[in-house]
Every structure is written in structure tokens, then in C-alpha cells.
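Numbers given in our numbering equal positions in the sequence shown, counted from 1, plus 22. Glycine residues also receive a C-beta, built at the ideal position from the N, C-alpha and C atoms. Here is the structure we will look at.
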Amino acid sequence: MKVTAVAISAAALFAQGAYSWGLVGHATVAYVAQNYMNGAARILTSHLLSGTPLAEIASWADTFRTTPDGRFSAVLHYIDANDKPPQKCNVKMERDCASEGCIVTAIANYTSRILDDTLDFSERSDALKFIVHFFGDISQPLHTEGLAVGGNEISVLWGNLTTGAKVNLHAAWDRQFVDTLAGGNTLAAANSLAKNIIADLDTGIYKDLKAGWTSCGSIKRGTGCPKAWAQDSNRLICSNVLANGVEEVEGKDISGDYYAANVPIVRQQLAKGGYRLGLWLNAIAKAEQLKCSSRP
Ligand SMILES: *[C@@H]1O[C@H](CO)[C@@H](O)[C@H](O)[C@H]1NC(C)=O
Ligand SMILES: *[C@@H]1O[C@H](CO)[C@@H](O)[C@H](O)[C@H]1NC(C)=O
Ligand SMILES: [Zn+2]
């Protein structure tokens, strides 16, 4: 048992954990978004996805990046801030966004591609799938941090070595935290977590916060809003994720106190990602309509 847990190769963990919230996190963001989408956004997304629900395509980008055609997109799932947590957290585009692109430029790029009539249907459809996915990734703090490859090189334990597993900090935030919060790793678990989150957005603990989360929301600002959101996530690295330095977590079982202290952040970030995505898709649908009505 013990041997098996430790023997999982670092490469396997890296491949699994490096790119996103797992299935549940991305689906939760999609379900939350769907609740805030207006009729026009529903029609547009249903058209571009041929009726497939958002939650079912939310992790497509993680599969696509592993294919030869999709390899270029692997760098687009994050921005590696070269800051100094926990003393100093910040995102600087010139310093941190790779020349091949990063999540900030990717959100701007795929937003405009959804609206670009010169592209094929499948290209616009892929652009929407990227957007749904990247709104999840950009809300995961470790997707906006370069230290130890976004925490992928910080080895931690999830449970003790008798019953638990050796994972890395990034993977734990992506999967163990979310699956534990949702009470499962299925779309149904994501849907019920989303319902909980929606209740808090409407009338609970997020009610008065959500306007601030979408104070930047104009799709016309290019990288402006995604940059603000990356900054917002990155700030949490210093205030929460690595508030007490790498030493607090490295080699430690983080399923107890650390999880308890940080799970409210995980939940809030899923709420942010979903709410921002819903309103963003409404803005895209509005731009699509204006485009049609201004046509001669
Ligand atoms: C925009 O998306 C296209 C299609 O995936 C990609 O080929 C291109 O490199 C992207 N451009 C930028 C600046 O991210
Ligand atoms: C490991 O965790 C399990 C489940 O919490 C517990 O029953 C067991 O006693 C722990 N083992 C050690 C060595 O701490
Ligand atoms: Zn991803």
C-alpha cells in the first residue's frame, strides 16, 4: 500500500496535475455560469456546441493539449508569475506571459475568435470550449504562480502514507480539495456543488461580493479583464496558498488544518470563475447580436 502510493512517478503526477481544476472544478464553474446566462448566451453557446451542455465540454482543453494538434495550447492554461511568495505577489505581463502566449492573452484571443465570422464553425466552437475552460483555470491561484512550477514541484501528502497518497500541491488544489468539497468526482457532484454556490451568490455569503468580482467585465478591453483576474488569483498565493511559506506544506499531510483553512478559498474561486464566465458569455452574445443588426 505504502509502496504503491510513493511509487507513483513524479512525471505522472505532473502530467495529471499541471493544467487545471479537475473535471469537478471545471464542471462546477460551467454549471454556475449557465445559471447566469441570458437567453442570447444560451442560444449562442447551444449553437456553437451543437446542444452539448457547457459542463460536458469544460475539460475538453485538458484533453486537447495532449494531442499533437493541441500541444501548442498547453502554455495557455496558466501564467507563471515570477514573483516571491509569500513576501511579494504580482503578475507582470512582460515578465510572466510566455512569448507563445499565456492564459491572459488566450482569453482575449478566444473571446474575439468566438465572434469572428471569418473562422470555420469548428474554430469558433473550439474558441468557446477554451473560454469555458480558461475561466476555471484563471480562478485557480496556482495557475497564476511560477514558484515550483505552480506548486507542481512541492510534494505534499493527502492523508497519511498508510491510507493516503503522495501528491503535489498544485494537484491537491486542482483535485483533492475540489472533490472533497463536492463529495465526489462526478458531474452530478459538480452540479450539486454548483447549486450550493449559486444559492450563496444569490442570497448568501457571495451576494455582496459578486459585483466586485465582475467590476471588470468588458470584452472590448482585450487582455484588461483577464489580467485583472490573474492578479486577483495570484494575490491569494501570498495571502492563503503559501501564506506561511513552502515549509508549511512541503512533505506534510495537508488534508487536515491546511485544507480546512483553504477550502473556503477554493469554493469562492469556483464561484468567481462561474459568475464571471456567465456574464462574459452574455457580453459575447450581445456583441454577436450587435454584429448581426449592424449588417447592411
Ligand atoms: C489564438 O488562437 C489560435 C487558434 O487556436 C492560435 O493559433 C493562436 O496562436 C492564438 N493567438 C494568440 C495570440 O494567442
Ligand atoms: C492514517 O490515517 C487513517 C485514517 O485517518 C488512520 O486510521 C490511521 O491510524 C493513520 N495511520 C497513521 C500511521 O497515522
Ligand atoms: Zn487547464
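Contact set for residue i: own chain, Cβ-Cβ below 7 angstroms, skip 5 residues either direction
{"i": "K308", "result": "A62"}
{"i": "D142", "result": "none"}
{"i": "A120", "result": "V97"}
{"i": "C247", "result": "C238, G239, S240"}
Nonlocal neighbours in the same chain, by C-beta distance under 8 angstroms from residue i, ignoring five residues either side
{"i": "D275", "result": "V178, L179, W180, G181, N182, G186"}
{"i": "G273", "result": "S177, V178, L179"}
{"i": "V285", "result": "F199, T202, L203"}
{"i": "N262", "result": "P163, A283, N284, I287"}
{"i": "L303", "result": "A55, M59, A63, L66, T67, I153"}
{"i": "E175", "result": "N190"}
{"i": "K110", "result": "C260"}
{"i": "A170", "result": "I176, L191, V268"}
{"i": "G278", "result": "none"}
Distance, residue j Cα to residue i Cα
{"i": "R289", "j": "A52", "result": "14 angstroms"}
{"i": "S315", "j": "A305", "result": "15 angstroms"}
{"i": "T202", "j": "T208", "result": "12 angstroms"}
{"i": "A55", "j": "Y297", "result": "5 angstroms"}
{"i": "W251", "j": "I160", "result": "7 angstroms"}
{"i": "C15", "j": "N131", "result": "This structure leaves residue 15 out entirely; the chain is present only between 23 and 318."}
{"i": "G239", "j": "I287", "result": "22 angstroms"}
{"i": "G226", "j": "T140", "result": "43 angstroms"}
{"i": "C260", "j": "S144", "result": "40 angstroms"}
{"i": "S79", "j": "R197", "result": "The question names Ser, yet the displayed sequence has Ile at residue 79. One C-alpha to the other measures close to 18 angstroms."}
{"i": "K232", "j": "I220", "result": "11 angstroms"}
{"i": "S95", "j": "E116", "result": "19 angstroms"}
{"i": "K188", "j": "G47", "result": "21 angstroms"}
{"i": "D254", "j": "N266", "result": "19 angstroms"}
{"i": "D138", "j": "A77", "result": "24 angstroms"}
{"i": "W195", "j": "H69", "result": "33 angstroms"}
Run of the alpha helix (DSSP H) containing residue i, from where it starts to where it stops
{"i": "L301", "result": "279-315"}
{"i": "W195", "result": "Segment: none, W195 is in no alpha helix (DSSP H) and carries neither H nor E."}
{"i": "S177", "result": "Taken as a continuous stretch (DSSP letters only), S177 belongs to no alpha helix (DSSP H), being part of the beta strand (DSSP E) at 177-180."}
{"i": "D118", "result": "115-118"}
{"i": "I241", "result": "Neither: I241 is in no alpha helix (DSSP H) and is coded neither H nor E."}
{"i": "D159", "result": "143-159"}
{"i": "R64", "result": "61-70"}
{"i": "I129", "result": "125-136"}
{"i": "W82", "result": "82-86"}
{"i": "W43", "result": "Looking at the DSSP string, W43 is not in any alpha helix (DSSP H), and its letter there is neither H nor E."}
{"i": "G234", "result": "232-235"}
{"i": "I220", "result": "209-224"}
C-beta atoms of residue i and residue j nearer than 8 angstroms
{"i": "L301", "j": "T236", "result": "yes"}
{"i": "E282", "j": "Y228", "result": "Inspection of the sequence shows that residue 282 is occupied by Ala rather than by Glu. No, the pair does not count as a contact, with Cβ atoms beyond the cut-off."}
{"i": "E310", "j": "L66", "result": "yes"}
{"i": "Y98", "j": "P163", "result": "In the sequence under discussion, the amino acid at residue 98 is Leu, which differs from the Tyr named in the question. Against a cut-off of 8 angstroms, the Cβ pair of P163 and L98 comes out as no contact."}
{"i": "T245", "j": "T166", "result": "no"}
{"i": "G168", "j": "D118", "result": "yes"}
{"i": "V113", "j": "I129", "result": "no"}
{"i": "L154", "j": "L299", "result": "For the sequence presented, residue 154 should be read as Val rather than Leu. In this structure, L299 lies closer than 8 angstroms to V154 by Cβ."}
{"i": "G295", "j": "F157", "result": "yes"}
{"i": "Y280", "j": "V268", "result": "no"}
{"i": "T89", "j": "I241", "result": "no"}
{"i": "H192", "j": "G205", "result": "no"}
Cβ neighbour criterion (16 or more within 10 Å) applied to residue i
{"i": "Q291", "result": "buried"}
{"i": "L312", "result": "exposed"}
{"i": "K249", "result": "buried"}
{"i": "M59", "result": "buried"}
{"i": "N104", "result": "exposed"}
{"i": "N190", "result": "buried"}
{"i": "T184", "result": "exposed"}
{"i": "A210", "result": "exposed"}
{"i": "D230", "result": "exposed"}
{"i": "N256", "result": "buried"}
{"i": "A37", "result": "Only weak support is given to the placement of A37: the predicted model assigns it a pLDDT of 40, under 50, and the question is left unresolved by the model."}
Contacting residues, own chain, Cβ-Cβ under 6 angstroms from residue i (five flanking each side not counted)
{"i": "L264", "result": "P107, P108"}
{"i": "T50", "result": "A212, L215, A216, L292"}
{"i": "E122", "result": "V97"}
{"i": "G92", "result": "F86"}
{"i": "I136", "result": "R146, A149, L150, I306"}
{"i": "A83", "result": "F152, H155"}
{"i": "S81", "result": "L45, H48"}
Boundaries of the beta strand (DSSP E) in which residue i is found, first to last residue
{"i": "V189", "result": "187-190"}
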